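**Q** Shown below is the structure under consideration.
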Ligand code: NDP
Ligand code: MG
């Protein structure tokens, strides 16, 4: 029996994780659930899964949630700090980190600090502070099992392998809804259009990141830290069918790939059940449905966010943290039609130039860089014609 804390349980990853849990009551028990402000869904989930505790990080929703569950023996907490406490409880074995953005960093660090296994969906944690997070994990002998489908694929390819034998990893990218498009087209695209991802249904932020290819850039940085790679060991290839989830090339030239239909429930299940593989009734992949699997080089010139993320990875220090913060601001603004698709890259680039470079940041440095980048990016968003 694995006792889970699911942070971000009302999101795309969180709800799919609860589907996996519901299908295997003999294997999983829910100890903790958390949401930010979706109190209605959080209450519903609490009634169904009967956790020991829940956290609603938006304080203004506390009373409503507390009242709705007053007849049940479920502890209700509010505020972001509460997440850092509940993940440390003895009754929790595994923490599924499925909060979106920088907001997920602190609770992930708290879980690692308490020696909990972490099933990591929140890629921003590693983008912002990968070195620090992996160092702490090593110190506390904590295993971090990736949920991100590409990293789960690499992780699965590496089972039984000596990590020193990795020559390179190849991350696959679907290319998103604007694959093959050029800047003259992208100038006019709106959020509603960018939210139509061809292969995956995900939260709004990662869906926009997939359309700009920032998601793949974040995943390069995520892979660097998760698997202890050098920058030049990480490649990206566009694979529009999203069947090959990623590949590892070894020093003897052998290449392993992990494949399957695009369904996040599989990497979620793999991560929370690890090291077990559990039988399920997910739809199976068949070559009959995919006569052709195709691969092409990404267009770094058109999808500048991918180039910016790669540059930030090479520069290191606080650059990925600044990139991430500015990206969170512009994606939020793009979703509200306050900034254009193309302007997102301009603002991220300016933010990286603006915030002072710190080569070996502490956690405090990361928090400062994050805050500074957000303020600056927000200023630049206000200067966009769309903001008026
Ligand atoms: P969603 O936006 O669907 O869900 C985010 C979750 O985090 C919700 O439960 C939300 O609560 C909660 N949340 C949002 N803001 C805060 C905050 N400030 N403090 C605490 N909790 C907060 O995101 P996804 O599920 O799509 O993504 C989650 C993470 O997993 C991201 O880092 C993403 O990159 C990664 N990921 C997602 C994939 C996917 O298929 N969706 C694939 C691979 C990685 P509320 O509902 O109340 O707002
Ligand atoms: Mg991914």
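In the numbering used here, the protein residues as written are 41 to 428. For each residue, glycine too, the CB sits at the ideal point set by N, CA and C. Since the structure is predicted, the reported quantities are computational estimates derived from the model, not experimental observations.
Buried or exposed: residue 113, going by 16 or more other Cβ atoms within 10 Å of its Cβ?
**A** Counting from 1 along the chain shown, the entry for residue 113 is found at position 73. When all chains shown are included, residue 113 counts as exposed.
**Q** Going by the C-beta, is residue 125 closer than 7 Å to any heavy atom of the ligand NDP?
**A** For the purposes of this step, residue 125 is taken as the residue at position 85 of the chain shown. Because no heavy atom of the ligand NDP lies under 7 Å away, the Cβ of residue 125 does not count as near it: no.
**Q** Could you pull the DSSP bridge partners for residue 68 from this structure?
**A** As a first step, residue 68 is located in the chain shown; it is residue number 28 there, counting from the start. According to DSSP, residue 68 bridges with 42.
**Q** Determine the contact status of residue 72 and residue 92, defining contact as a CB-CB distance below 8 Å.
**A** If you number the chain shown from 1, residue 72 lands on position 32. If you number the chain shown from 1, residue 92 lands on position 52. Yes, they are a contact pair.
**Q** Rounded C-beta distance between residue 209 and residue 288? I'm assuming under 8 Å.
**A** The sequence position of residue 209 within the chain shown is 169, counting from 1. The sequence position of residue 288 within the chain shown is 248, counting from 1. Going by Cβ atoms, the distance from residue 209 to residue 288 rounds to 5 Å, so yes, they are a contact pair.
**Q** Using only the heavy atoms of the ligand MG, determine whether one of them is closer than 7 Å to the beta carbon of residue 259.
**A** Position 219 of the chain shown holds residue 259. Under cutoff, so the answer is yes.
**Q** Starting from residue 296, follow the beta strand (DSSP E) in both directions and report where the run begins and ends.
**A** What you label residue 296 is simply residue 256 of the chain shown in a count that begins at 1. Taken as a continuous stretch (DSSP letters only), the beta strand (DSSP E) holding residue 296 covers 295–299.
**Q** Could you give the first and the last residue of the continuous alpha helix (DSSP H) run that contains residue 148?
**A** Residue mapping note: residue 148 aligns to position 108 of the chain shown, counting from 1. Residues 145–153.
**Q** Taking the continuous alpha helix (DSSP H) assigned at residue 404, which residues delimit it?
**A** Along the chain shown, one-based indexing puts residue 404 at 364. Start and end: 403–422.
**Q** Quick one: residues in its chain with C-beta nearer than 6 Å to the C-beta of residue 225, no 5 flanking neighbours on either side, listed in chain order?
**A** Translated into positions along the chain shown, residue 225 becomes position 185. Contacts found: none.
**Q** How many angstroms separate the CA atom of residue 402 from the CA atom of residue 395?
**A** Residue 402 sits at position 362 when you count from the first residue of the chain shown. Residue 395 sits at position 355 when you count from the first residue of the chain shown. Distance between the alpha carbons of residue 402 and residue 395: 16 Å.
**Q** Suppose you measure from the CA of residue 221 to the CA of residue 338; what does that come to, to the nearest Å?
**A** Translated into positions along the chain shown, residue 221 becomes position 181. Translated into positions along the chain shown, residue 338 becomes position 298. Roughly 12 Å between the two C-alpha positions.
**Q** Cβ of residue 264 less than 8 Å from any chain C Cβ?
**A** Absent from the structure is chain C; it holds one protein chain and no more.
**Q** What's the gap between the Cα of residue 103 and the Cα of residue 308?
**A** Within the chain shown, the letter at position 63 stands for residue 103. Within the chain shown, the letter at position 268 stands for residue 308. Computed Cα separation, rounded: 32 Å.
**Q** Looking only at its own chain, which residues have a Cβ that is under 8 Å from the Cβ of residue 303, when we skip the five neighbours before and after it?
**A** As a position in the chain shown, residue 303 is number 263, starting the count at 1. Within the same chain, residue 303 has close Cβ partners 322 and 323.
**Q** Looking only at C-alpha atoms, which of 129, 163 and 161 sits nearest to residue 150?
**A** By 1-based counting over the chain shown, the position of residue 150 is 110. If we check each option's Cα against that of residue 150, 129 comes out closest.
**Q** How should residue 215 be labelled, buried or exposed, when 16 other C-beta atoms within 10 angstroms of its C-beta is the threshold for buried?
**A** In the chain shown, residue 215 corresponds to position 175, counting from 1. Counting Cβ neighbours within 10 Å, residue 215 comes out buried, since at least 16 surround it.
**Q** Express the C-alpha separation of residue 333 and residue 165 in angstroms, rounding to a whole number.
**A** Within the chain shown, the letter at position 125 stands for residue 165. Within the chain shown, the letter at position 293 stands for residue 333. Their backbone Cα atoms lie some 32 Å apart in a straight line.
**Q** Between the beta-carbon of residue 148 and the beta-carbon of residue 160, is there less than 8 Å?
**A** Taking the chain shown and counting its residues from 1, one reaches residue 148 at position 108. Taking the chain shown and counting its residues from 1, one reaches residue 160 at position 120. Yes, these two residues count as a Cβ contact at 8 Å.
**Q** Could you compute how far the alpha carbon of residue 360 sits from the alpha carbon of residue 121?
**A** The residue labelled residue 360 in the question sits at position 320 within the chain shown. The residue labelled residue 121 in the question sits at position 81 within the chain shown. Approximately 25 Å, taken between the alpha carbons.
**Q** Compute the distance between the beta-carbons of residue 484 and residue 206, then report whether it is under 8 Å.
**A** Because the chain here runs from 41 to 428, residue 484 falls outside it and cannot be looked at.
**Q** Assign residue 327 to one of three DSSP states: helix, strand, or coil.
**A** On the chain shown, position 287 is the one that residue 327 refers to. Here residue 327 sits in helix by DSSP.
**Q** Could you check where the beta strand (DSSP E) with residue 157 kicks off and where it finishes?
**A** Counting from one through the chain shown, the residue named residue 157 turns up at place 117. First-last of the beta strand (DSSP E) with residue 157: 157–160.
**Q** Suppose you measure from the CA of residue 182 to the CA of residue 134; what does that come to, to the nearest Å?
**A** Here residue 182 corresponds to residue number 142 of the chain shown, with the count starting at 1. Here residue 134 corresponds to residue number 94 of the chain shown, with the count starting at 1. Those two C-alpha atoms are separated by around 10 Å.
**Q** Locate the alpha helix (DSSP H) running through residue 399, then write down its first and last residues.
**A** Counted from its first residue, the chain shown places residue 399 at position 359. No alpha helix (DSSP H) holds residue 399; DSSP gives it neither H nor E.
**Q** Reducing DSSP to helix, strand and coil, say where residue 388 ends up.
**A** Counted from its first residue, the chain shown places residue 388 at position 348. Helix, per DSSP.
**Q** In the DSSP assignment, find the unbroken beta strand (DSSP E) run with residue 95 in it and report its ends.
**A** Here residue 95 is taken as the residue at index 55 of the chain shown, counted from 1. Start and end: 93–96.
**Q** In chain order, which continuous runs of the alpha helix (DSSP H) of length 4 or greater are located wholly inside the stretch 84–125?
**A** If we require 4 residues or more, the alpha helix (DSSP H) runs fully inside the stretch 84–125 come out as 102–108.
**Q** Using CA atoms only, rank isn't needed, just tell me which of 232, 344 and 45 is closest to residue 125.
**A** Here the question's residue 125 lines up with position 85 in the chain shown. Nearest of 232, 344 and 45 to residue 125, Cα basis: 45.
**Q** I'd like to confirm something about residue 248: is its beta-carbon nearer than 7 Å to some heavy atom of the ligand NDP, or not?
**A** Here residue 248 corresponds to residue number 208 of the chain shown, with the count starting at 1. Incorrect: residue 248 has no Cβ contact closer than 7 Å to the ligand NDP.
**Q** Let's see if you can read the secondary structure: which residues bound the beta strand (DSSP E) around residue 289?
**A** Indexing the chain shown from 1 puts residue 289 at position 249. Where residue 289 is concerned, the enclosing beta strand (DSSP E) stretches over 284–290.
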